[in-house]
Amino acid sequence: MNSNSNSNSSAGAGAGGHDRWCAALSAELRRQGLGPELVGHVVAEAAGHLRESGDAPLSAFGPPEVYAAAVAESVGGAARSRRRPWRPVGPVLLEARGIAKSYRRRTVLDGVDLTVRAGEVAAVVGANGSGKSTFLRICAGLASPDRGTVRVAGSIGYCPQDGGTSEHLSADEHFSLVGAGRGQSRSAGRAAGRGLAAALDWRPDSRLARHLSGGTRQKLNLVMARIGEPDVLLLDEPYQGFDRGTYLDFWQEVWRWREQGKALVVVTHLLGRLDEVDTVLDLTPAPAAQGATR
Amino acid sequence: MDQDRRAQWLRGALDLCILALLATGESYGYELSQRLQAAGVGAIQGGTLYPVLLRLQRAGLLTASWREGEAGPARKYYAISPEGRAMLSGVIGEWSAFTGAVDAILREAKVR
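So the sequence lines, in the order shown, correspond to chains D and Y.
Counting along the first sequence from 1, when you hit position 11 you're at 11 in the numbering used here, and nothing is skipped either side.
Here the numbering used here runs 294 ahead of the position in the second sequence, where the first position is 1.
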């Protein structure tokens, strides 16, 4: 930002503070899903206002994340409509039919169907213990159903709710291993992992997994699921322990992967996103029907 | 004056005030905030003003263009669109009827 005589005249609102606030605003607007051109315009307009008024950013606009949310709200229809008109035309990549599973005498899943096409996001919701994770593990081929079939076209990436990391390995070592499993060299796997980590605002260091926070371990899990660009992504509440910003980043990534033609299944308990996904599978046991609804 | 109450009133009237000010000629955000304050509706912070401008622009009631200022970087100038004028002329009558009704009720209370 150019500084001029005006911006230096008010106490505590120097150009450096404006720059930091504007940079934070820019990041928050992107997190809200606004396109780069609109982000540039909104930030430039706010910067101009601050320069002319000499106001402190916080008193004129409030915290960057609050102002970004207000801006996103005011263009809400437009920002969302970039997602909604995306209609899948891709082939079916995941088809689960009549999945049933019981543990001892308790029926967890009873005839569950789900079809996900390339470029679709399916949300799996339901009360605790309704079999969401079990269903996802069956889709991933990690557990077998008592009845029913799962057909997958292409490769699978699976992100568990927790676990999944090796205590005594660093992030880079995880990336290399998973990369090797996808037929990549050590360096290619590591580079892919670091690139994917950056999208989640994470710069992996040499620490072992057991020294990472819960949220960072989940980032590691999510990155591992993505290495090798699998066609089908099965994500089991992958954002646990994420801070608010990373959580928003995560959903931005989900919409990006959808546009790339991935088929996504996301186990979630956050109802706020359900109007944005393509399919909702509610596993809550009900006396009436249970199953996929649109 | 109760700031919350004033903010509530403004919420219903700010977009109309902006359209009305722009009906007399194009302007940009900071200047609009100055004119609103000078008109006596109170200090409108940027965080309140720009989202409303954006919403009006998205609704097609305003058009916007970036132009170089005489000194310094470009400013975003807003102008009212034909749709905005049509909306404004329709609402002015309704607003007068509404505020007239509120005035009448309040005057009644004063008399007693």
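Even for Gly, the Cβ is constructed at its ideal location relative to N, Cα and C.
Quick caveat, the model's predicted, so the values are computed rather than measured.
> Apart from the five residues on each side of it in sequence, which residues of its chain come closer than 6 Å, Cβ to Cβ, to residue 119(D)?
Replying inline: For residue 119(D), where only same-chain residues beyond five positions count, the Cβ hits under 6 Å are 88, 90, 258 and 261.
> Are residue 134(D) and residue 109(D) touching if we call contact CB-CB under 8 Å?
Replying inline: Yes, the pair counts as a contact, with Cβ atoms nearer than the cut-off.
> Which residues, in chain order, does the stretch 225–251 of chain D contribute to contact with chain Y at a C-beta distance below 7 Å?
Replying inline: From the stretch 225–251 of chain D, no residue has a Cβ closer than 7 Å to chain Y.
> Would residue 340(Y) count as contacting chain D if we go by Cβ distances under 8 Å?
Replying inline: Yes, contact with chain D.
> Start and end of the beta strand (DSSP E) containing residue 281(D)?
Replying inline: Here the beta strand (DSSP E) through residue 281(D) covers 279–282.
>> Threshold first: 3 residues or longer. Then list the beta strand (DSSP E) segments lying entirely within the stretch 154–203 of chain D, N to C.
In response: Segments of the beta strand (DSSP E) lying fully in the stretch 154–203 of chain D: 156–159.
> What are the residues of the stretch 350–382 of chain Y that lie near chain D, defined by any Cβ-Cβ distance shorter than 8 Å?
Replying inline: Residues passing the 8 Å Cβ filter: 352, 360, 366, 367, 368, 369 and 370.
>> At the level of alpha carbons, what is the spacing between residue 128(D) and residue 137(D)?
In response: Distance from the CA of residue 128(D) to the CA of residue 137(D), rounded to the nearest whole angstrom, comes to 16 Å.
>> Within a Cβ cutoff of 8 Å, which residues of the same chain sit near residue 145(D), ignoring the five residues on either side of it in sequence?
In response: Answer for residue 145(D): 99, 100, 101, 109 and 138, listed in chain order.
>> Threshold first: 3 residues or longer. Then list the beta strand (DSSP E) segments lying entirely within the stretch 101–126 of chain D, N to C.
In response: Fully contained in the stretch 101–126 of chain D are the following beta strand (DSSP E) runs of length 3 or more, in chain order: 106–117 and 120–125.
> Hey, is residue 48(D)'s beta-carbon within less than 8 Å of any beta-carbon in chain Y?
Replying inline: Chain Y, which has a Cβ nearer than 8 Å to the Cβ of residue 48(D), makes this yes.
>> Using the Cβ count rule (16 or more neighbours within 10 Å means buried), how would you classify residue 202(D)?
In response: Residue 202(D) comes out buried.
> Which residues share a DSSP beta bridge with residue 264(D)?
Replying inline: Answer by DSSP bridge pairing, in chain order: 121(D) and 233(D).
> Do we get a CB-CB distance below 8 Å when we pair residue 179(D) with the residues of chain Y?
Replying inline: Judged by the 8 Å Cβ criterion, residue 179(D) is not in contact with chain Y.
> Looking only at its own chain, which residues have a Cβ that is under 8 Å from the Cβ of residue 184(D), when we skip the five neighbours before and after it?
Replying inline: Excluding sequence neighbours, residue 184(D) sits near 192, 227 and 228.
> For a contact meaning CB atoms closer than 7 Å, what does residue 348(Y) contact in chain D?
Replying inline: Under the 7 Å cutoff, chain D gives 71, 74 and 75.
>> Let's test the definition: count the other Cβ atoms within 10 Å of the Cβ of residue 360(Y) and tell me whether it reaches 16, buried, or not, exposed.
In response: Classification of residue 360(Y): exposed, given that the 10 Å Cβ count is below 16.
> So, does the CB of residue 175(D) fall closer than 8 Å to a CB anywhere in chain Y?
Replying inline: Look at residue 175(D): its C-beta is not under 8 Å from any C-beta on chain Y.
> Taking Cβ positions only, does residue 28(D) come closer than 8 Å to chain Y?
Replying inline: Taking a beta-carbon distance threshold of 8 Å, residue 28(D) does not count as an interface residue toward chain Y.
> Along the stretch 49–67 of chain D, what residues have a CB closer than 8 Å to any CB found in chain Y?
Replying inline: 49, 50, 51, 52, 53, 55, 59, 60, 61, 62, 66 and 67: these are the residues of the stretch 49–67 of chain D whose beta carbon lies less than 8 Å from some beta carbon of chain Y, given in chain order.
>> I want to verify the contact list: residues of chain Y whose CB lies under 8 Å from the CB of residue 41(D), in sequence order.
In response: Chain Y residues near residue 41(D): 360 and 370.
> Would a check of beta-carbon distances place residue 306(Y) closer than 8 Å to chain D?
Replying inline: By this cut-off, residue 306(Y) is not an interface position.
> By a C-beta neighbour count over all protein chains shown, 10 Å radius and 16 as the cutoff for buried, is residue 45(D) buried or exposed?
Replying inline: If you draw a 10 Å sphere on the C-beta of residue 45(D), you find 16 or more other C-beta atoms in it, and that means buried.
>> I'd like to know whether the C-beta atoms of residue 74(D) and residue 284(D) end up nearer to each other than 8 Å.
In response: No, Cβ-Cβ distance for residue 74(D) and residue 284(D) is not below 8 Å.
> Which of the three DSSP states, helix, strand or coil, is assigned to residue 383(Y)?
Replying inline: It is helical.
> Considering only residues of the stretch 302–374 of chain Y, which uninterrupted alpha helix (DSSP H) runs meet the minimum length of 4 residues and lie entirely inside it, listed in chain order?
Replying inline: Whole alpha helix (DSSP H) segments, 4+ residues: 323–333 and 340–352.
> With distances taken between CB atoms, is the gap from residue 323(Y) to residue 49(D) smaller than 8 Å?
Replying inline: At a Cβ-Cβ threshold of 8 Å, residue 323(Y) and residue 49(D) count as neighbours.
>> Tell me which residues share the same chain as residue 199(D) and place their Cβ nearer than 8 Å to its Cβ, disregarding the 5 neighbours each side in the sequence.
In response: Cβ within range, chain order: 249 and 253.
> Looking at the structure shown, is residue 402(Y) part of a helix, part of a strand, or coil, going by DSSP?
Replying inline: Of the three classes helix, strand and coil, the one that applies to residue 402(Y) here is helix, per DSSP.
>> Which residues does DSSP list as the beta-bridge partners of residue 296(D)?
In response: The structure shown does not extend to residue 296(D), since chain D spans only 1 to 294, so no value can be given for it.
>> I'd like the span of the alpha helix (DSSP H) that includes residue 48(D), first residue to last.
In response: Note, residue 48(D): alpha helix (DSSP H), 36–53.
> alpha helix (DSSP H) containing residue 66(D): first to last residue?
Replying inline: Its alpha helix (DSSP H) spans residues 64–74.
> DSSP state of residue 81(D), grouped into three classes?
Replying inline: Residue confidence for residue 81(D) is low, a pLDDT of 43 falling below 50, so the modelled location carries little weight and cannot support an answer.
>> Distance check for residue 278(D) and residue 368(Y), CA to CA, integer angstroms please.
In response: For residue 368(Y) and residue 278(D), the distance between alpha carbons rounds to 41 Å.
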